[in-house]
Amino acid sequence: MAKKQYDTPMLDQLESGPWPSFVTGLKRLAKDNDMMVDLMGQLETSYATKKGYWKGGTVGVFGYGGGVIPRFTELKDENEKPIYPDAAEFHTLRIQPPAGMHYTSDLLRKMADVWEKHGSGLIAFHGQSGDIMFQGITTANVQPAFDELNEMGFDLGGAGPAVRTSMSCVGAARCEQSCYDEARALRTVVNNFLDDMHRPALPYKFKFKFSGCPNDCVNSIQRSDMATIGTWRDNIQTDDELGKKWFAKHGMDELVNDVISRCPTKALSLKNTQDVSKAEGISSVAINDTQSMEIENHSCVRCMHCINVMTGALAPGKDKGVTVLIGGKSVLKIGATMGTVIVPFMKLESDEDFEKLVELGQNTIDFFAENALEHERTGEMIDRIGLVNFLEGIGVEIDANMIKEPRSNPYVRMDGWDEEVEKANQRKASAA
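Under our numbering, the sequence shown has 387 at position 344, and the numbering climbs by one with no breaks.
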């Protein structure tokens, strides 16, 4: 039984709304954990004064330079004694999750047992970089807790100016939209960059994220320095039987209003079946015995809306691969940025394909380490030095398909267009 809980009127108010509250979870843990009792006391003080009372420091485990986020209280009395002594140290261990974030219930129970034994019992699945966040532990208990988690097969993630823990969607394990093996891509990249993760030596953090399709369920384009997005370069696959079943259930209004009219590039149209074009790049799905929806694949920007709504009747193409974007991040020195397409398409199937992905990542990190300013993300570095200089630095040729946003291409000069087209065709021919 823990010590008596403090009065927390401001935290209590957060339980009064219609939604589940994190305060309820904190109170439950505080019933038999003094650290959580004092944490709530300090948190209530912060709410009342509108000030934070945590400072950093240096806490780690043997052989690692990162992976532990130190938090020491600054809330002290006139004798410099912590007002809430049991939460005077409230460090966080970042632990790498399995690719695709698959767990057994037995494994989750073992993790919870380890953290209740050594720490506060508070665990977050997952942090912004994908880590399992074991929150609340004293300096003395950090090493014993890590040792037990390490015995279970888990390793520390990244923290500080380092390569951060990667994240992938569940992807091919259970999603029909997956265009490549996301779990293998994540493990391959992480295994090659463990030293950069455990021993911070970069100007600032660098994040990889992997999404199996353009739905980008892990928000990699907005949140990672190098985003690998599944895509395809042939026609959308169609199934007439499933198309008719979908139409019989949903009707013409939904087809027109929720599918065709919402295509951002007007690549979809409703036609009589006999009028559907037979030209290359045109595909169609039947919706009844006389009508079909025509798809102009050359205009498709892979927004995924039609495929999401008519799943099964429509599906990603067969010639699958990935698009690699670099430079996404949240607000820092400049505003939030989305990644810019650096590699429009590459296959990701063979061992050689995965080696090329790792090589691209290594070249990018090396250039970032040598050219970025302190506390500057990759996207900000590119914004400062220019995309052309960045591409030259990582050994990637300018391609007409490099874009910053759909239907926009600021990287190819229009004077000398014929020569640029010829160069692009030569590259395409040599890659075939």
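We treat Cβ as the ideally placed atom computed from N, Cα and C, and that holds for glycine.
- The DSSP-derived three-state label of residue 366 is strand.
- The bridge partners DSSP lists for residue 313 are 336.
- Under the DSSP assignment, residue 178 falls in the beta strand (DSSP E) whose first and last residues are 175-178.
- In the assembly as shown, residue 124 is an exposed residue. Its beta-carbon has fewer than 16 other beta-carbons within 10 Å.
- Non-local C-beta neighbours of residue 163 in its own chain, meaning closer than 8 angstroms and more than five positions away in sequence, comprise 72, 76, 78, 79, 82, 133, 178, 179, 180, ordered along the chain.
- Listed in chain order, the non-local C-beta contacts of residue 235 below 8 angstroms within the same chain comprise 401, 404, 405, local neighbours out to five positions each way being set aside.
- Under DSSP, residue 270 shares a beta bridge with 252, 368.
- Rounded to the nearest angstrom, the Cβ distance from residue 114 to residue 101 is 12 angstroms, too far for a contact under 8 angstroms.
- The alpha carbon of residue 445 has as its nearest neighbour, out of 309, 427, 467, the alpha carbon of 467.
- Comparing alpha carbon positions, the residue from 391, 225, 461 closest to residue 443 is 461.
- About 46 angstroms separates the CB atoms of residue 240 and residue 286; that is not less than 8 angstroms, and the two are not in contact.
- The three-state secondary structure of residue 327, taken from DSSP, is strand.
- Under the three-state reduction of DSSP, residue 473 is assigned to helix.
- For residue 340, the closest of 439, 279, 306, 365 by C-alpha to C-alpha distance is 279.
- Rounded to whole angstroms, residue 388 and residue 186 show a C-alpha spacing of 44 angstroms.
- Setting aside the 5 residues that flank it on each side, residue 381 is surrounded in the same chain by 264, 265, 371, each with a C-beta closer than 6 angstroms to its C-beta; the list follows chain order.
- For residue 244, the three-state secondary structure derived from DSSP is coil.
- Here residue 138 is bridged, per DSSP, to 175, 199.
- As computed with DSSP, residue 358 is found in a beta bridge with 280.
- Boundaries of the beta strand (DSSP E) around residue 167: 165-168.
- Taking the Cβ atoms as the reference, residue 203 lies roughly 5 angstroms from residue 109, within the contact range of under 8 angstroms.
- Judged by DSSP secondary structure, residue 350 falls within the alpha helix (DSSP H) whose first and last residues are 348-352.
- Boundaries of the alpha helix (DSSP H) harbouring residue 154: 148-161, taken from the DSSP string.
- The beta carbon of residue 217 is closer than 6 angstroms to none in its chain, skipping five residues each way along the sequence.
- Setting aside the 5 residues that flank it on each side, residue 99 is surrounded in the same chain by 113, each with a C-beta closer than 6 angstroms to its C-beta; the list follows chain order.
- Boundaries of the beta strand (DSSP E) around residue 387: 383-389.
- Contact between residue 369 and residue 407 holds, since their C-beta atoms are separated by about 6 angstroms, short of 8 angstroms.
- When the five nearest sequence neighbours on each side are left out, the beta carbons in the same chain lying within less than 6 angstroms of the beta carbon of residue 84 are those of 49, 127, in order along the chain.
- With a cutoff of 8 angstroms on beta-carbon distance, residue 328 and residue 282 are scored as near each other.
- Around the beta carbon of residue 330, 16 or more other beta carbons sit within 10 angstroms, so the residue counts as buried.
- Comparing alpha-carbon positions, the option among 313, 231, 318, 356 lying closest to residue 292 turns out to be 356.
- Secondary structure at residue 113: coil, using DSSP grouped into helix, strand and coil.
- According to the DSSP assignment, residue 84 belongs to the alpha helix (DSSP H) that extends over 77-92.
- Here residue 97 carries a strand assignment [DSSP, helix/strand/coil].
- Under the three-state reduction of DSSP output, residue 104 falls in the coil class, being neither helix nor strand.
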